[in-house]
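Undergrad: Heads up: take any position in the sequence shown, counting from 1, add 195, and you land on the working numbering. Okay, here's the structure, questions in a sec.
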Amino acid sequence: MANRKGVFIGAYVPNELKESLRRRAAAEHRTLSQEITRILTEAIHGRNLPAGSIDRRTPNSATRRRATDPFPRRRRDDLPYAPTEAKRDDDRS
């Protein structure tokens, strides 16, 4: 008998949903049980950050700048874009 951590939760799902989950799990090199556990955990606790990342934002913090700041994203004191002259062949290093 396998050494399992946790409890069994049974659910009837359509066969096509099971197969979709199985394919998705296989694509991520996980078992079907691991994939279902990951989905349930994200649904309850929210998405996990990548390993090594720290979530410094508070639940009531403003949205990120890219979501609210339209293009071009330049600060007020930035210099305007000025293309440089094309380099001559003998300037290559």
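Built from N, CA and C at the ideal position, the CB exists for glycine as well.
(1) Going by beta-carbon coordinates alone, are residue 143 and residue 230 separated by less than 8 angstroms?
(2) Using the Cα positions of residue 235 and residue 209, report the straight-line distance between them to the nearest angstrom.
(3) Which same chain residues end up closer than 8 angstroms to residue 304 when comparing Cβ atoms and leaving out the 5 residues on each side of it in sequence?
(4) At 4 residues or longer, what runs of the alpha helix (DSSP H) sit wholly inside the segment 210-253?
(5) Do you know offhand how far residue 225's Cα is from residue 205's?
TA: Put simply:
(1) Examination of residue 143 is not possible in this model, given that the chain is present from 196 through 288 alone.
(2) 17 angstroms
(3) With the chain covering only 196 through 288, there is no way to say anything about residue 304.
(4) 210-222 and 227-240
(5) 19 angstroms
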